[in-house]
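Worksheet for the structure shown next.
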Amino acid sequence: MGLLVACVVCVLLALSFPGIVSKLEDKLTKCGDFFFEEESPLIHGILENSEPQNNDYRVVCQKYKNKIRYATLYDTGKKIPLFSAYKYTGTKVFVKQESLQTWMIELELEPKDAEMSVPFENQARNKDYWIKNTYKYFPGTLFSMSHTADEETAESILTLTNSVPQTNGFRDGIWNLVDQTTKESMENDCIDNNDNLVAYVMTGAVPGNTMLNQRVNVPSYMWTAFCCYNSTTTSWVSKAYYTENKRKKATKIKLKSLEDLQGFLTTKLGGKVELFKNNCSLDDS
Ligand SMILES: *[C@@H]1O[C@H](CO)[C@@H](O)[C@H](O)[C@H]1NC(C)=O
Ligand SMILES: *[C@@H]1O[C@H](CO)[C@@H](O)[C@H](O)[C@H]1NC(C)=O
Numbered sequence: 006m007g008l009l010v011a012c013v014v015c016v017l018l019a020l021s022f023p024g025i026v027s028k029l030e031d032k033l034t035k036c037g038d039f040f041f042e043e044e045s046p047l048i049h050g051i052l053e054n055s056e057p058q059n060n061d062y063r064v065v066c067q068k069y070k071n072k073i074r075y076a077t078l079y080d081t082g083k084k085i086p087l088f089s090a091y092k093y094t095g096t097k098v099f100v101k102q103e104s105l106q107t108w109m110i111e112l113e114l115e116p117k118d119a120e121m122s123v124p125f126e127n128q129a130r131n132k133d134y135w136i137k138n139t140y141k142y143f144p145g146t147l148f149s150m151s152h153t154a155d156e157e158t159a160e161s162i163l164t165l166t167n168s169v170p171q172t173n174g175f176r177d178g179i180w181n182l183v184d185q186t187t188k189e190s191m192e193n194d195c196i197d198n199n200d201n202l203v204a205y206v207m208t209g210a211v212p213g214n215t216m217l218n219q220r221v222n223v224p225s226y227m228w229t230a231f232c233c234y235n236s237t238t239t240s241w242v243s244k245a246y247y248t249e250n251k252r253k254k255a256t257k258i259k260l261k262s263l264e265d266l267q268g269f270l271t272t273k274l275g276g277k278v279e280l281f282k283n284n285c286s287l288d289d290s
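Numbering (my numbering), first residue to last: 6 to 290.
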């Protein structure tokens, strides 16, 4: 009986969700070259020396079509990512839409012995975002499609482990402005000595006080920051933004310094935060 149930679960999982074969790792830096100076961010009490400090958090190396595309720190308790980290290298035009897609799940986050446990104990599924069969909040990606360099990476972001519930109007409003503004500044500021466009980006969510369907946390804020080298000015550049997960008139978005954002996250998450080594500089002094 137990075995039968387990197999039904296996088949269901295999059939109803596009396979994503992400790898869970013990250290964030094992995912690959997504971090400035190959150094993991520090979030005191949550992520130290590249390792999660609490059993709820999992390092997800987001592997899709045989390549790790980005890295996520996922909170299995709140069923949302804390952040995704990726490299921005410019974009190409291709036809893909982020909305109305099938959302992938991570098979590796499911308990190995499915017969003893409920599937989706560790991650959100599509219907967690619904109330009475319609989306109450939309899954909004951290690594967003408009920042992806190729079609396969664009596909790889469509996983709920890279998504959080966003308030209606947030994505198309203020967050779209953040998305576009950071993209434009990276295009302008982040040309390295080899004439390559490259920036290290981290985008995350601050958990809030609401649980959607008693399962998925609705973040109170979203934030993003990038770090890159500007060969024209021969200096390291960082920029940051954060904003409430609310519908807002999207006319202006306030630029923050990396230090501002880190201070803000320290208040919200309760421990010292350093997103990029030496606050995005090579200066060790
Ligand atoms: C970086 O360099 C570009 C020219 O490539 C310049 O327009 C821009 O202002 C610089 N950005 C910063 C933040 O120094
Ligand atoms: C980085 O910035 C934080 C403020 O966010 C500050 O407390 C810390 O001392 C800075 N670290 C370095 C190495 O400059």
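For each residue, glycine too, the CB sits at the ideal point set by N, CA and C. Keep in mind that this is a model prediction, so the values were computed, not measured.
Closer than 5 Å between the C-beta and any heavy atom of ligand 1: which residues qualify, listed along the chain?
Going by the Cβ distance cut-off, the answer is D194, N235, T237, T238, V242.
Counting C-beta neighbours from all protein chains within 10 Å, is the total for E160 16 or more, i.e. buried, or is it exposed?
Classification for E160: buried.
Any heavy atom of ligand 2 inside 8 Å of the beta-carbon of G276?
Outside the cutoff, so no.
Measuring CB to CB, does A210 end up less than 9 Å from V169?
Their beta carbons are under 9 Å apart, which means A210 touches V169 by this criterion.
Since I believe S225 is in contact with E249 (beta carbons under 8 Å), could you give me their beta-carbon distance rounded to a whole number of angstroms?
Sure, about 7 Å apart at Cβ, within 8 Å.
Should E264 be counted as a contact of ligand 2 given a C-beta to heavy atom distance under 8 Å?
Yes, since a heavy atom of ligand 2 falls inside the 8 Å radius drawn around the Cβ of E264.
Are the CB atoms of L47 and E279 within a distance shorter than 9 Å?
Yes, Cβ-Cβ distance for E279 and L47 is below 9 Å.
CB-CB under 8 Å to R220, same chain, minus the five flanking residues each way: which ones, in chain order?
Hits under 8 Å: K84, A129, D133.
Please list the segments of the alpha helix (DSSP H) lying wholly inside the region 71–101, counting only runs of 4 or more residues, in order along the chain.
Correct list: empty.
Between T215 and the rest of its own chain, which residues show a CB-CB distance below 6 Å, the 5 nearest in sequence each way excluded?
So the list reads V223, once near-sequence residues are dropped.
Compute every distance between the C-beta of G268 and the non-hydrogen atoms of ligand 2, then say whether any falls below 8 Å.
Flag set: Cβ of G268 near ligand 2.
Cβ-heavy atom distance between E157 and ligand 2 below 8 Å?
No, the beta carbon of E157 sits no closer than 8 Å to any heavy atom of ligand 2.
Express the C-alpha separation of F269 and D31 in angstroms, rounding to a whole number.
Approximately 27 Å, taken between the alpha carbons.
For N193, report the span of its alpha helix (DSSP H) as first-last.
From DSSP, the alpha helix (DSSP H) with N193 extends over 179–194.
Under 9 Å between the Cβ atoms of Y205 and F88?
No. Outside cutoff.
Apart from the five residues on each side of it in sequence, which residues of its chain come closer than 8 Å, Cβ to Cβ, to Q58?
Cβ neighbours of Q58 beyond the five flanking positions: G50, I51, L52.
Taking Y75 as the reference, give the member of E43, G95, G37, E42 with the closest Cα.
The shortest Cα separation from Y75 among E43, G95, G37, E42 belongs to G37.
Rounded to whole angstroms, what's the CA-CA distance from A255 to N181? Just pull it up for me.
Their backbone Cα atoms lie some 8 Å apart in a straight line.
Rounded to a whole number of angstroms, what is the C-alpha to C-alpha distance between S236 and S190?
About 14 Å.
Is any heavy atom in ligand 2 found nearer than 8 Å to the beta carbon of T229?
T229 Cβ: outside cutoff for every heavy atom of ligand 2.
Exposed or buried, what is Q267 when buried is set at 16 or more other beta-carbons lying within 10 Å of its beta-carbon?
With 16 or more other Cβ atoms within 10 Å, it is buried.
Can you tell me the Cα-Cα spacing of L260 and N199, whole angstroms?
Taking the straight line joining both Cα atoms gives about 28 Å.
If we count the other Cβ atoms within 10 Å of its Cβ and call it buried at 16 or more, is Q309 buried or exposed?
Past the boundaries of the shown model lies residue 309; the chain is included only from 6 to 290, so the question cannot be answered.
Using a Cβ-based criterion (distance less than 8 Å to any ligand heavy atom), does E42 qualify as near ligand 2?
Flag unset: Cβ of E42 not near ligand 2.
Answer yes or no: the CB of T271 versus the heavy atoms of ligand 2, is any distance below 8 Å?
Indeed, a heavy atom of ligand 2 lies less than 8 Å from the Cβ.
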